[in-house]
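Trainee:
Protein chains: 2
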Amino acid sequence: MTDELLYANTKTNAGTTGKGERTRARILEAALDLCREHGYEKTTMRAVAKAAGVSLGNAYYYFRSKEHLIQAFYGQTHSDHLEACGPLLEGEQSFRQRLAIVLQTKIDTSMPYHRFAGVLFKTAADPASPLNPFSDASAPVRDESIALFARIIEGSDLRVGKALRPHLPKLLWTYQMGVILFWVHDRSPDCSRTRLLIDTTSKLVSQLVRVAGLPPLRPVLRSVIGLLDDLAPPDDKASGTRR
Amino acid sequence: MTDELLYANTKTNAGTTGKGERTRARILEAALDLCREHGYEKTTMRAVAKAAGVSLGNAYYYFRSKEHLIQAFYGQTHSDHLEACGPLLEGEQSFRQRLAIVLQTKIDTSMPYHRFAGVLFKTAADPASPLNPFSDASAPVRDESIALFARIIEGSDLRVGKALRPHLPKLLWTYQMGVILFWVHDRSPDCSRTRLLIDTTSKLVSQLVRVAGLPPLRPVLRSVIGLLDDLAPPDDKASGTRR
DNA sequence: GTCTATAACCGGATAGAC
DNA sequence: GTCTATCCGGTTATAGAC
Numbered sequence: 296m297t298d299e300l301l302y303a304n305t306k307t308n309a310g311t312t313g314k315g316e317r318t319r320a321r322i323l324e325a326a327l328d329l330c331r332e333h334g335y336e337k338t339t340m341r342a343v344a345k346a347a348g349v350s351l352g353n354a355y356y357y358f359r360s361k362e363h364l365i366q367a368f369y370g371q372t373h374s375d376h377l378e379a380c381g382p383l384l385e386g387e388q389s390f391r392q393r394l395a396i397v398l399q400t401k402i403d404t405s406m407p408y409h410r411f412a413g414v415l416f417k418t419a420a421d422p423a424s425p426l427n428p429f430s431d432a433s434a435p436v437r438d439e440s441i442a443l444f445a446r447i448i449e450g451s452d453l454r455v456g457k458a459l460r461p462h463l464p465k466l467l468w469t470y471q472m473g474v475i476l477f478w479v480h481d482r483s484p485d486c487s488r489t490r491l492l493i494d495t496t497s498k499l500v501s502q503l504v505r506v507a508g509l510p511p512l513r514p515v516l517r518s519v520i521g522l523l524d525d526l527a528p529p530d531d532k533a534s535g536t537r538r
Numbered sequence: 296m297t298d299e300l301l302y303a304n305t306k307t308n309a310g311t312t313g314k315g316e317r318t319r320a321r322i323l324e325a326a327l328d329l330c331r332e333h334g335y336e337k338t339t340m341r342a343v344a345k346a347a348g349v350s351l352g353n354a355y356y357y358f359r360s361k362e363h364l365i366q367a368f369y370g371q372t373h374s375d376h377l378e379a380c381g382p383l384l385e386g387e388q389s390f391r392q393r394l395a396i397v398l399q400t401k402i403d404t405s406m407p408y409h410r411f412a413g414v415l416f417k418t419a420a421d422p423a424s425p426l427n428p429f430s431d432a433s434a435p436v437r438d439e440s441i442a443l444f445a446r447i448i449e450g451s452d453l454r455v456g457k458a459l460r461p462h463l464p465k466l467l468w469t470y471q472m473g474v475i476l477f478w479v480h481d482r483s484p485d486c487s488r489t490r491l492l493i494d495t496t497s498k499l500v501s502q503l504v505r506v507a508g509l510p511p512l513r514p515v516l517r518s519v520i521g522l523l524d525d526l527a528p529p530d531d532k533a534s535g536t537r538r
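Protein chains in written order, with my numbering: chain A, 296 to 538; chain B, 296 to 538.
1) So A:Thr388 is in the alpha helix (DSSP H); what residue range does that whole segment cover?
2) List in chain order: all unbroken alpha helix (DSSP H) runs of 4+ residues lying wholly within the stretch 364-447 of chain A.
3) Is the separation between the beta-carbon of B:Asp525 and that of A:Leu509 shorter than 8 angstroms?
4) Kindly indicate the opening and closing residues of the alpha helix (DSSP H) around B:Glu316.
5) Run down chain A in chain order and give the residues with a C-beta less than 9 angstroms from the C-beta of B:Phe429.
6) Answer yes or no: does any C-beta atom of chain B fall closer than 8 angstroms to that of A:Tyr451?
7) Is A:Gly450 near A:Arg393, with beta carbons less than 8 angstroms apart?
8) For chain A, is any of its Cβ atoms less than 8 angstroms away from the one on B:Gln392?
9) So with CB distances below 8 angstroms, who are the chain A contacts of B:Ser374?
10) Using only alpha-carbon positions, find the residue among B:Lys401, B:Ala367, B:His363 that is nearest to B:Gly381.
11) Taking the continuous alpha helix (DSSP H) assigned at A:Phe477, which residues delimit it?
12) To the nearest angstrom, report how far apart A:Thr305 and A:Ile475 are at their CA atoms.
13) Expressed to the nearest angstrom, what Euclidean distance is found between the alpha-carbon atoms of B:Leu539 and A:Ala320?
14) So what's A:Val587 in DSSP terms, helix, strand or just coil?
15) With DSSP collapsed to three states, give me the class of A:Val455.
16) Could you give the residue range of the alpha helix (DSSP H) that holds B:Pro514?
17) Identify, in the order they occur along the chain, each residue of the same chain with its Cβ nearer than 8 angstroms to the Cβ of A:Asp403, setting aside the five sequence neighbours on each side.
18) Short of 8 angstroms in beta carbon distance, which residues of its chain neighbour A:Ala342, apart from the five on each side in sequence? Order them along the chain.
19) Looking only at its own chain, which residues have a Cβ that is under 7 angstroms from the Cβ of B:Trp478, when we skip the five neighbours before and after it?
20) Between the Cα of B:Ser440 and the Cα atoms of B:Gly370, B:Asp421, B:Ala347, B:Arg317, which residue gives the shortest distance?
21) For B:Leu523, which residues of its own chain have a beta-carbon under 7 angstroms away from its beta-carbon, when the five flanking residues on both sides are left out?
22) Roughly how many angstroms lie between the CA atoms of B:Ala419 and B:Glu332, to the nearest whole one?
23) Consult DSSP for B:Arg490 and reduce its assignment to one of helix, strand or coil.
24) Take B:His376 as the anchor and find which of B:Gly386, B:Ser405, B:Gly352, B:Gly348 has the nearest alpha-carbon.
25) Given this structure, state the Cα-to-Cα distance separating A:Arg497 from A:Gln366, to the nearest angstrom.
26) On the DSSP letters alone, give me the boundaries of the alpha helix (DSSP H) that A:Gly352 sits inside.
27) Any C-beta of chain B sitting closer than 8 angstroms to the C-beta of A:Ser389?
28) Quick one: list the residues of chain A neighbouring B:Met422, beta-carbon separation under 7 angstroms, in chain order.
29) Decide if B:Asp452 is buried, meaning its Cβ has at least 16 other Cβ atoms within 10 Å, or exposed.
30) Is the shortest distance between the beta-carbon of B:Val515 and the beta-carbons of chain A less than 8 angstroms?
31) Looking at B:Leu443 and B:Val397, is the spacing between their C-beta atoms short of 8 angstroms?
32) Going by beta-carbon coordinates alone, are A:Leu364 and A:Ala423 separated by less than 8 angstroms?
33) Report all residues from its chain with a CB closer than 7 angstroms to the CB of A:Val515; omit the five preceding and five following residues, and keep chain order.
34) For a cutoff of 8 angstroms on Cβ pairs, would you count A:Thr289 as touching chain B?
35) In this structure, does DSSP put B:Arg505 in helix, strand or coil?
36) Output needed for B:Asn427: all residues of its chain with C-beta closer than 8 angstroms, excluding positions within five of it in sequence on either side, in chain order.
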């Protein structure tokens, strides 16, 4: 039940010389290698431990469960994503472009793990799992991710109405979750369908946000925002989900 | 790999006197009881077998895996849902009302299983699992479910444009999936948040469908439909997902 | 051929010694 | 921080009963 420090491994322990950190890294690397090669299910903890040159029990000393290894991967691709987005967003002003860049980059950086990304989503969908992206334990990464969407908006030419503004980053994050869900199930070559989905919907979303504040859509916007306010309670911390 | 007959157990074998059918029913009932009481994870196959008065191996004779027990439950609530919707839709003409009825009823009939519905979604989200609602194996139930949404439209006062019509049932089904995902994570008392979500969004969806064909939104509609056509290939059988 | 039971196997997870 | 030994439960193999 105490899952406070789940994301400690998200940090890149580059400079650290602690032996533990190096062992942990070895285990994680072995796990990712094996999963890429054989898939998640066929990668046993025993095999991971052996490949990393440690005992089974030792692997569990560093990672509470097999699924927690996945969360480490989650944090890993998240960092990669952030890093990759930086330069690409640099000169770009168009909201639509910025949005598309972030989403396409998300897919690009996750692509090597497509084969076993399903497992991530599998555990992600379970409300009881601390790995699920709505859980308290996932809050750090989730918040960083939502912050990225806030950055998309801020650095762009987009004008957002006052009522919508506080909700938009989280809405875009949810949209990204939907895209990822599609991607996980996408079997088209090079995930071209997901690319298409992103192209089309990012344009759509951008148009939608632009016209949302205009008179004809005012009442619709109002009811959407009303709903969001009701679902995400005063204390802004959590997403729509309670745990 | 051969998952042809997964849904055989969806039929209600009411009249059948076959001993096997009764044994199967006993196992399923025991499993659902135990899961309701202790949750999915803590319900062991050994306990299910014992409660049903059969041996462990025998339980596996009837259900290929623990997860397949869940799929039986899935088929069960699906039947319940269909049955419950019938009379409620009887006199109703309003599209908005019909939509809300179907969704609320879905929640009502699933409510007893809320505690362990997460597991359903967990396996459902895994693209590799035959239990996932997009898989070929799930096609029968999925198609029935989509057909229900077609019925909502047909029996209503709604006028749908020619371009949108063939896509609408599946779109509404996808919308329902989203609602269910929310519900799975909903911890509010009596899932009042999910109720609220349904109230608000069903109204919204209904408005949206109504105005979708109007001139100002014509280009938007066109691009959405273009996307859907691209994503759901000519052979209409499957959803957007390939397996 | 339909059904049932027993005895393994395998891999995730834990306990406790060093 | 690392190991070995062990548990536990999903799953499978297999043999026999109706």
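Beta carbons: idealized from backbone N, C-alpha and C, even for Gly.
If you're wondering where the values come from, they're calculated on a predicted model, not measured in any experiment.
Mentor: For this structure:
1) Locating residue 388 of chain A in the first sequence gives position 93, where the first residue counts as 1. Strictly speaking, residue 388 of chain A in this sequence is Gln, with Thr absent from that position. From DSSP, A:Gln388 is part of no alpha helix (DSSP H); its letter is neither H nor E.
2) 390-405, 409-420
3) For the purposes of this step, residue 525 of chain B is taken as the residue at position 230 of the second sequence. For the purposes of this step, residue 509 of chain A is taken as the residue at position 214 of the first sequence. Not in contact: B:Asp525 and A:Leu509 (Cβ atoms no closer than 8 angstroms).
4) Counting from one through the second sequence, the residue named residue 316 of chain B turns up at place 21. Residues 314-333.
5) Mapped onto the second sequence, residue 429 of chain B falls at position 134. In chain order: His480.
6) Numbered from 1 along the first sequence, position 156 holds the residue referred to as residue 451 of chain A. Sequence check: residue 451 of chain A is Ser here, not Tyr. For A:Ser451, the answer is no, since every Cβ of chain B falls outside 8 angstroms of its Cβ.
7) Start at 1 with the first residue of the first sequence, and residue 450 of chain A comes out as number 155. Start at 1 with the first residue of the first sequence, and residue 393 of chain A comes out as number 98. Yes, Cβ-Cβ distance for A:Gly450 and A:Arg393 is below 8 angstroms.
8) Looking up residue 392 of chain B in the second sequence gives position 97. No - not a single Cβ of chain A is within 8 angstroms of the one on B:Gln392.
9) Locating residue 374 of chain B in the second sequence gives position 79, where the first residue counts as 1. In chain order: nothing, as chain A lies at least about 24 angstroms away.
10) Residue mapping note: residue 381 of chain B aligns to position 86 of the second sequence, counting from 1. Among B:Lys401, B:Ala367, B:His363, the Cα nearest to that of B:Gly381 is on B:Lys401.
11) Locating residue 477 of chain A in the first sequence gives position 182, where the first residue counts as 1. Unbroken alpha helix (DSSP H) run through A:Phe477: 463-480.
12) Walking along the first sequence from the start, residue 305 of chain A turns up at place 10. Walking along the first sequence from the start, residue 475 of chain A turns up at place 180. For A:Thr305, the pLDDT reaches just 42, beneath the cut-off of 50, and the residue's location in the model is therefore unreliable, leaving the point undetermined.
13) Nothing in the structure corresponds to residue 539 of chain B, since chain B is present only between 296 and 538.
14) Only positions 296 to 538 of chain A appear in this structure, which leaves residue 587 of chain A out of reach.
15) Within the first sequence, numbered from 1, the residue matching residue 455 of chain A stands at position 160. Looking at A:Val455 - three-state DSSP - the assignment turns out to be coil, as it is neither helix nor strand.
16) Stepping through the second sequence from its first residue, residue 514 of chain B is reached at position 219. Looking at the DSSP string, the run of the alpha helix (DSSP H) that includes B:Pro514 is 513-526.
17) Numbered from 1 along the first sequence, position 108 holds the residue referred to as residue 403 of chain A. Taken in chain order, the residues that qualify are Ala379.
18) If you number the first sequence from 1, residue 342 of chain A lands on position 47. Within the same chain, A:Ala342 has close Cβ partners Leu329.
19) If you number the second sequence from 1, residue 478 of chain B lands on position 183. Closer than 7 angstroms at the Cβ level, and outside the excluded window around B:Trp478, lie Ile402, Cys486, Thr489.
20) Position 145 of the second sequence, counted from the start, is the residue given in the question as residue 440 of chain B. Among B:Gly370, B:Asp421, B:Ala347, B:Arg317, the Cα nearest to that of B:Ser440 belongs to B:Gly370.
21) If you number the second sequence from 1, residue 523 of chain B lands on position 228. His462.
22) Residue mapping note: residue 419 of chain B aligns to position 124 of the second sequence, counting from 1. Residue mapping note: residue 332 of chain B aligns to position 37 of the second sequence, counting from 1. Using only the alpha carbons, I get a separation of about 22 angstroms.
23) Along the second sequence, read from residue 1 onward, the residue named residue 490 of chain B stands at position 195. Reduced to three states, the DSSP call for B:Arg490 is helix.
24) Position 81 of the second sequence, counting from 1, holds the residue named residue 376 of chain B. Minimum Cα distance to B:His376 is reached at B:Ser405.
25) Locating residue 497 of chain A in the first sequence gives position 202, counting from the first residue. Locating residue 366 of chain A in the first sequence gives position 71, counting from the first residue. Residue 497 of chain A is actually Ser in this sequence, not Arg. Rounded to whole angstroms, A:Ser497 to A:Gln366 spans 27 angstroms at the Cα level.
26) Your numbering for residue 352 of chain A matches position 57 in the first sequence. Unbroken alpha helix (DSSP H) run through A:Gly352: 351-357.
27) Numbered from its first residue, the first sequence carries residue 389 of chain A at position 94. Output row for A:Ser389: interface = no.
28) The residue labelled residue 422 of chain B in the question sits at position 127 within the second sequence. In the sequence on display, residue 422 of chain B carries Pro and not Met. Ordered by position in chain A, the residues that pass the 7 angstroms Cβ test against B:Pro422 are Gly413, Val479, His480.
29) Position 157 of the second sequence, counted from the first residue, corresponds to residue 452 of chain B. So B:Asp452 counts as exposed.
30) Along the second sequence, one-based indexing puts residue 515 of chain B at 220. Yes, B:Val515 counts as interfacial toward chain A.
31) Sequence index remark: in the second sequence, residue 397 of chain B carries index 102 (1-based). Sequence index remark: in the second sequence, residue 443 of chain B carries index 148 (1-based). Cβ atoms of B:Val397 and B:Leu443: closer than 8 angstroms.
32) The sequence position of residue 364 of chain A within the first sequence is 69, counting from 1. The sequence position of residue 423 of chain A within the first sequence is 128, counting from 1. Contact flag unset, no.
33) Stepping through the first sequence from its first residue, residue 515 of chain A is reached at position 220. Closer than 7 angstroms at Cβ, skipping near neighbours: no residue.
34) What the structure shows of chain A is the stretch from 296 to 538, and residue 289 of chain A is not part of that stretch, so it cannot be assessed.
35) For this step, residue 505 of chain B is matched to residue 210 along the second sequence. Here B:Arg505 sits in helix by DSSP.
36) Indexing the second sequence from 1 puts residue 427 of chain B at position 132. Excluding positions up to five away in sequence, the list reads Thr418, Ala419, Ala420, Asp421, Ser433.
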